[in-house]
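The structure appears right after this line, and notes come after that.
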Amino acid sequence: MTILFPLLLLGAQAAPPPADPATLARAERVLAAAPVIDGHNDLPSELRTSYRAAVESVDLHGDTTKLPRPLQTDIPRLRKGHVGGQFWSLYIPASQSGGQAVQTTLDQIDIVRRFVRANPETFALAQTAADVRRINKQGRIASLMGIEGGHQFGGRLSTLRQFRELGVLYMTLTHGRSLSWADSSTDEPRSGGLSDFGRQVIGEMNRIGMIVDVSHVSDATMAAALAVTRAPVIASHSSARALADRPRNIPDDLLRGIAKNGGVVMVNVYPGFLSDEWNDWETARTAFIRANREAAGADGAAADGAAARAALAQWLRDHPEPLVDVRNVADHVDHIVKVAGHDHVGLGADYDGIGGNGPQGMKGVDSYTLLFAELARRGWSDANLAKLSQGNVLRVMERVEATARSMADLPPIDANDPG
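Read left to right, the sequence shown gives residues 247 to 665 (our numbering).
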């Protein structure tokens, strides 16, 4: 560990110069015409866990950074960031299964519907690409829903179909734990990619018009899903492994596979998925906190006492956080374009799912304009900026809808997870 720290200090970079007014104005114009459709936001989970699902007690018209448990999302910041469509993540812990997982997912669906209903001048539920366009023309934000893990339907395709009827538009095949039918990128493999039931899950998702999301899955599962699906996939909140070597990020060969499939990789802004340097720093910080807590426990002292806080403050002074900013996000976007093309990149920031973290200057949903200004500075055309903001994900939605129409005469797949 001690060898790591000097490397962290050597890697520090200066803050980027502010975007010039003309470039910022150009980014604003592009986003006014083609507002961002973001692939992943965990506000529903934050409302459930931090505010006991008391949706109506949280004023989304106010500044949610000032709440007892600050949020990265509120209506003024969504408007400032030119967000025109948001996939709200229906996240539940991967430790839940069976009926408990189904019930908690239903609770999450209820939370989304409640805050949409409470703010009808701002939000409207969307089921199709046409809905998104119509809602945007009304000046409102299209609200879409995605399940963040295949454990959430309890292994019963009948439940998956009912989730689709309730408006769920995508499902991430796994979260942090491998399932009997699909493997996670952060767990030991169980299926070696996809089991027979896993292939049935994807077939049924294609039939009912539910987007296959390959964020969180292992490389083997991603490759298997691309081989099986009839419709384009998304990676709702993943970045490029070539730039940050995390198993959650996507390697170049699979970026090319997603491009061939017609899918979209939606870039995550969590610093650990953007920067190896930041990830190493965070690992060291976490290890220091754990060691300090264990030492305090061994001595019988309070782990959260003044001495522990002072020790951490000193550690942070000695090992300052490496800078991650809009340039790192733009680097990942540019890399995906270099490998997969301008038609296969989008944004899935993961706000309110990243513990309040974010690149410098991009700590919440108001910050997309900065990224678009940086990409404009790098030479991006308005047309390609509009593909990034919404054009690519709308195309995927339309193709998923078309695939479902082509399969409309097929009967439901009557299968459950054999476990």
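Virtual Cβ for every residue (Gly too), placed ideally from N, Cα, C.
Residue i to residue j span [Cα, whole Å]
i    : j    : result
R539 : Q560 : 15 Å
Y337 : R380 : 27 Å
A586 : A505 : 5 Å
L324 : A271 : 18 Å
Q398 : Q349 : 9 Å
A347 : Q636 : 31 Å
D526 : G385 : 42 Å
P263 : A619 : 12 Å
V646 : E450 : 12 Å
V572 : A273 : 14 Å
E567 : E523 : 9 Å
P252 : A470 : Interpretation of P252 is limited by its pLDDT of 32, a score under 50 that renders its predicted location unreliable; the figure taken from the coordinates is listed afterwards. In a straight line, the C-alpha of P252 is about 42 Å away from that of A470.
A265 : A279 : 20 Å
Per-residue DSSP class, three states only, for residue i
i    : result
V358 : helix
F251 : Because the pLDDT at F251 is just 30, under 50, the model does not fix this residue reliably, and the value given afterwards should be weighed accordingly. In this structure, F251 counts as helix in the three-state DSSP scheme.
M608 : coil
R402 : strand
D459 : strand
L390 : strand
V304 : coil
L666 : The question about residue 666 has no answer, for the chain in this structure spans 247 to 665.
L425 : coil
N514 : coil
S341 : coil
N662 : strand
M653 : coil
Alpha helix (DSSP H) segment containing residue i, residue limits
i    : result
N382 : 375-383
G444 : 442-454
L592 : As written in the sequence, residue 592 is Gly, which differs from the Leu given in the question. Taken as a continuous stretch (DSSP letters only), G592 belongs to no alpha helix (DSSP H), being part of the beta strand (DSSP E) at 591-593.
Y297 : Taken as a continuous stretch (DSSP letters only), Y297 belongs to no alpha helix (DSSP H), as it is neither H nor E.
T475 : Careful: T475 lies outside any alpha helix (DSSP H) and carries neither H nor E.
Spatially closest choice to residue i from the options, by CA coordinates
i    : options                : result
A375 : R445, D266, F333       : F333
G396 : K383, V460, Q354, L412 : V460
R494 : A530, M451, P267, D596 : D596
R641 : E411, A619, G592       : G592
L574 : H328, V513, R555, A470 : The sequence shown places Asn at residue 574, rather than the Leu named in the question. For N574, the nearest C-alpha among the options comes from V513.
P497 : L289, A473, A466, A477 : A466
P222 : H483, S335, A364, N507 : With the chain covering 247 to 665 only, the question about residue 222 has no answer from this structure.
D320 : L306, V329, L313       : L306
L390 : R651, V329, A279       : V329
V511 : D589, K312, R294       : D589
Opening and closing residue of the beta strand (DSSP E) in which residue i lies
i    : result
Q332 : 329-336
D498 : First-last for D498: 498-507, but that is the alpha helix (DSSP H), not the beta strand (DSSP E).
H286 : 282-287
L324 : That residue, L324, is in no beta strand (DSSP E); its alpha helix (DSSP H) goes 321-326.
V414 : 414-418
is_contact[residue i, chain E] using C-beta, thresh 7 Å
i    : result
A622 : This model lacks chain E altogether; it includes just one protein chain.
Three Cβ pairs or more, each shorter than 8 Å: is that satisfied between the segment 405-420 and the segment 443-457?
yes
Pairing CB atoms from the segment 622-635 with CB atoms from the segment 596-612, are three or more of them under 8 Å?
no
Any contact of the segment 408-422 with the segment 296-305, i.e. 3+ C-beta pairs under 8 Å?
no
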